[in-house]
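Counting from 1 along the sequence shown, just add 384 to a position and that's the residue number in this note's numbering.
Ideal Cβ positions, reconstructed from N, Cα and C, are used throughout, including at glycine.
Take a look at the structure below.
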Amino acid sequence: MGLIDLHCHILPGVDDGSKDMEMSLRLARVAVEQGISHIVVTPHHMDGTYTNHKKDVIKKTQDFQNELDKHQIPLTVFPGQEVHLTGELMQAIDDDDILFLDADNRYLLLELPHSGIPEYTENMIFDLLSRGITPVIAHPERNHGFQKDPDKLYDFIEQGCLSQLTSSSLLGIFGEKVEKLTQKIATADLGFIIASDAHNFEGRRFLMKEAFGRIDKDLGMDAVQRFENNAKSIVNGEDVNTDSIKKVSDVKTKKKRRFLFF
């Protein structure tokens with residue numbers, strides 16, 4: 385088994401990712417070149433712009449898999465959603481309109497508004513956890529609330545959440561500020577999976593191979609294996625260890641060496 389990508393906008397014609405089947409097949413070939421063997425497709429859902437109902441995503445994912453098989457592209461895709469934090473979420477779960485990252489409905493890829501962390505977030509997360517659902521917070525490094533106070537992520541993880549870091553964030557595609565925060569979150573063991581959040585061939589690419597190379601360089605092969613194993617555990621609905629988490633404010637960053645001349 386290769387890499388598992390748990391956040392990807394490769395499903396054709398459903399959101400701001402792939403525009404059509406031809407583009408999706410091209411993206412799939414790039415994914416395979418990146419060492420990815422399995423993808424949970426996660427179109428935006430309930431974000432105020434896109435609505436992708438469970439039954440529709442399941443059908444379109446099967447259609448996509450059929451095309452992958454037809455073109456002999458060795459990639460397995462599973463249906464999922466990137467679910468926006470909204471007051472309608474609990475009702476959508478009750479209506480069986482939500483897809484999870486695993487078949488046992490345990491892990492939910494949850495997107496918070498980029499602008500910050502709404503006041504009702506903690507209560508909704510408590511409600512999800514009380515139902516046995518573990519929110520996997522998508523790309524916290526790009527959320528303005530976590531950027532302002534990264535230790536809030538520690539609080540959510542301690543409460544029972546997980547988080548997903550994005551490969552392109554780690555590589556500086558979203559700027560130096562996001563890159564540094566991503567590194568700190570990874571060093572504090574507050575990021576549990578690395579996913580591509582791939583949308584296209586330009587800015588928002590897969591870059592999984594490069595991101596894991598960066599993790600290997602910065603944190604070592606043990607960290608690489610931990611990220612890979614966590615992705616497998618999540619897609620299989622198994623436990624993920626969170627015992628080693630630290631606050632970002634407690635993480636020591638490497639300082640550039642200064643040379644003094646006398």
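Handout entry: Beta carbon of Phe462 nearer than 9 Å to that of Met405
Key = no
Exercise for the section: Could you check which residue in Asn507, Arg515, Asp481 has the C-alpha nearest to that of Arg490? Expected result: Arg515
Exercise for the section: On a CA-only basis, which of His455, His429, Lys438 is nearest Leu411? Give me that one, please. Expected result: His455
Problem - Residue-level contact to chain D via CB, Ser547, 9 Å cutoff - result: In summary, chain D is missing from the structure at hand, where a single protein chain is found.
Exercise for the section: Determine, using beta carbons only, whether Glu563 and Ser553 come nearer to each other than 9 Å. Expected result: yes
Problem - Opening and closing residue of the beta strand (DSSP E) in which Thr550 lies - result: 546 to 550
Exercise for the section: Look up Pro502 in the DSSP assignment and say whether it is helix, strand or coil. Expected result: coil
Exercise for the section: Taking Leu485 and Ile618 to be in contact with their CB atoms under 8 Å, please state how far apart those CB atoms are, rounded to whole angstroms. Expected result: 5 Å
Problem - When Thr460, Asp488, His429 are compared against Leu473, the one with the closest alpha-carbon - result: His429
Problem - Length of the line joining the Cα atoms of Pro494 and His468 - result: Looking at the sequence shown, residue 494 is not Pro but Leu. Those two C-alpha atoms are separated by around 6 Å.
Problem - Assumed close pair Ser580, Asp389 - CB separation to whole angstroms, cut-off 8 Å - result: 5 Å
Problem - Sequence-distant residues of the same chain with beta carbon closer than 6 Å to Gly401, five excluded per side - result: His393, His583
Problem - Coil, strand or helix - Ile457 by DSSP - result: coil
Exercise for the section: Rounded to whole angstroms, what's the CA-CA distance from His422 to Leu387? Just pull it up for me. Expected result: 7 Å
Practice task
Only counting runs of 3 or more residues, tell me where the beta strand (DSSP E) segments fall wholly within the stretch 427 to 498, in order along the chain.
Solution key: 460 to 463, 466 to 468, 491 to 495
Problem - Alpha-carbon spacing of Leu483 relative to Asn450, whole angstroms - result: 20 Å
Practice task
Answer yes or no: do Tyr434 and Asp399 have a C-beta to C-beta separation smaller than 9 Å?
Solution key: yes
Problem - Ser499 to His528 span [Cα, whole Å] - result: 5 Å
Practice task
Might you give, ordered along the chain, the residues of its own chain that have their beta carbon closer than 6 Å to the beta carbon of Pro524, omitting 5 neighbours on each side?
Solution key: Phe530, Leu537, Ser547
Problem - Contained alpha helix (DSSP H) runs [length at least 4] in the stretch 596 to 629, N- to C-terminal order - result: 605 to 619
Exercise for the section: Quick one: grab the DSSP three-state call for Pro396. Expected result: coil
Exercise for the section: Can you tell me which of the three DSSP states Ala522 falls into? Expected result: strand
Practice task
Answer with buried or exposed for Ser408, where buried requires no fewer than 16 other C-beta atoms within 10 angstroms of its C-beta.
Solution key: buried
Handout entry: Within 9 Å, strictly: CB atoms of Ile578 and Leu549
Key = yes
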